[in-house]
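Undergrad: One structure, as structure tokens, below. Some questions next.
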Amino acid sequence: MHDSFLLVFYGNTGSSWLIQTLGNIPGVFVPGFEPLDEWAWNVEDTERLAWLRTVLSPPVDRAGSAYETWLAALHAHPHFRDPRDPAFVHVGFKMRSHSIRDRMAVLTSLRERGSRLVVLERRNRIKHALSLYRYHEEEKSQFDKSGVRPPSDLDLEVFHRWVTASVDLQRQSDVFWAKAQQVMESDALRRIQYEDFIDEAGKAVTMKHLTGFLGIDAPSYTPSGLEKATSDSLRESIVNFDAVVDRYAGSEFERFLSD
236 MHDSFLLVFY GNTGSSWLIQ TLGNIPGVFV PGFEPLDEWA WNVEDTERLA
286 WLRTVLSPPV DRAGSAYETW LAALHAHPHF RDPRDPAFVH VGFKMRSHSI
336 RDRMAVLTSL RERGSRLVVL ERRNRIKHAL SLYRYHEEEK SQFDKSGVRP
386 PSDLDLEVFH RWVTASVDLQ RQSDVFWAKA QQVMESDALR RIQYEDFIDE
436 AGKAVTMKHL TGFLGIDAPS YTPSGLEKAT SDSLRESIVN FDAVVDRYAG
486 SEFERFLSD
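Take a look at the structure:
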């Protein structure tokens, strides 16, 4: 028996920490960091979808030819690596909602396989925009160094473009979630917010909730080595914070400045 899952995310929502932490749990196989996003841009949707369907449907018998056939099909992806332990119980990975354009086909595939879907988002548009700004404009990434990086002196016009991008990403996630609710059973769906696991206590609660939802037996877990790159305090993270406050005073984004 196996259980499969898909983690759908948009950028800078803590997805790397979540999927790596899940992948550290014995019995969980994560077939690549972001396998569909790492694939060449000209790979057709049909091939991506076929790979997703295959990887989420491993054979029960891991000692016979069916398992070898399953592995061979997955090696169509140039970066695929065989599981370290063929006796894994759970298999899943993360992808962006647009990695396969036919979202309904993705959701139908999950439903047909009895897979579970986790959708990861952020509530605070200003903090998300700051994370996007620091990553794209300043190349301040959790993958480069550990710990919190120095605060940013924001170009407000450039920053506002990332605020708009954050709004658009959340809108796309809302659309995907609405489609998921139409196609899949409610008990196979979970929506998780980045803000719920920004500290150690939140991470512990989130992992307990998530492993319970996925049916993963994990009395303890080994967290990913990735660390948050930005202080959760906007004032500590932005040199010209007062200018940001002035820019968004009275707007729909004002409420995110004190969150």
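Taken in order, the sequence shown gives residues 236 to 494; the numbers are from the working numbering. Even glycine gets a Cβ: it sits at the ideal position worked out from N, Cα and C. Predicted model only: the values in this text are computed from it and were never measured.
(1) Using the three-state DSSP reduction, which class does GLY327 fall into: helix, strand or coil?
(2) Just curious, the beta strand (DSSP E) that SER451 is in, first and last residue?
(3) With a threshold of 7 Å on Cβ separation, who are the neighbours of PRO386 within its own chain once the five nearest residues in sequence on each side are excluded?
(4) Quick check on THR457: buried or exposed, where buried means 16 or more other Cβ atoms within 10 Å of its Cβ?
(5) Could you name the residues that DSSP lists as bridge partners for VAL265?
(6) Can you name, in chain order, every residue of its own chain whose Cβ lies under 7 Å from the Cβ of LYS329, other than the five neighbours on each side?
(7) Would you give the residue range spanned by the beta strand (DSSP E) that ILE254 belongs to?
(8) Could you check if GLY327 is buried or exposed, using at least 16 other CB atoms within 10 Å of its CB as the buried criterion?
(9) Pull up the DSSP beta-bridge partners for VAL290, would you.
(10) Which one of GLU303, GLY460, TRP274, LEU345 has the shortest CA to CA distance from HIS312?
(11) Below 8 Å, how does it come out for the segment 387 to 406 and the segment 306 to 323: are there three or more Cβ pairs, yes or no?
(12) For the beta strand (DSSP E) containing SER243, name the first residue and the last one.
(13) Where GLY447 and LEU492 are concerned, what is the direct C-alpha to C-alpha distance, given to the nearest angstrom?
(14) What number of angstroms, rounded off, separates the C-alpha of MET236 from the C-alpha of PHE323?
(15) Go ahead and label GLU363 buried or exposed: buried means 16 or more other beta carbons lie within 10 angstroms of its beta carbon, across all protein chains shown.
TA: Per the coordinate set shown:
(1) Strand at GLY327.
(2) Checking the sequence shown, residue 451 turns out to be Ile, not Ser. Counting along the chain, ILE451 falls outside any beta strand (DSSP E), and DSSP gives it neither H nor E.
(3) Around PRO386, the same chain offers GLU471, SER472, ILE473, VAL474 as residues with beta carbons nearer than 7 Å, after the five sequence neighbours per side are excluded.
(4) If you draw a 10 Å sphere on the C-beta of THR457, you find fewer than 16 other C-beta atoms in it, and that means exposed.
(5) DSSP, once it has assigned bridges, lists no residue as partnering VAL265.
(6) Excluding positions up to five away in sequence, the list reads LEU242, PHE244, SER250, ILE254, GLU269.
(7) No beta strand (DSSP E) holds ILE254; the alpha helix (DSSP H) holding it covers 250 to 258.
(8) Classification of GLY327: buried, given that the 10 Å Cβ count is 16 or more.
(9) Paired residue(s): none; VAL290 is not in a bridge.
(10) Selected option, being the one with the closest Cα: TRP274.
(11) Contact fails: fewer than three Cβ-Cβ distances are below 8 Å.
(12) Rather than Ser, the amino acid found at residue 243 in this sequence is Val. Per DSSP, VAL243 belongs to the beta strand (DSSP E) from 238 to 244.
(13) The straight-line gap from Cα to Cα measures roughly 33 Å.
(14) With a pLDDT of only 45 at MET236, under 50, the local geometry of the prediction cannot be trusted, and no value is derived from it.
(15) Checking the sequence shown, residue 363 turns out to be His, not Glu. Per the 10 Å Cβ criterion, buried.
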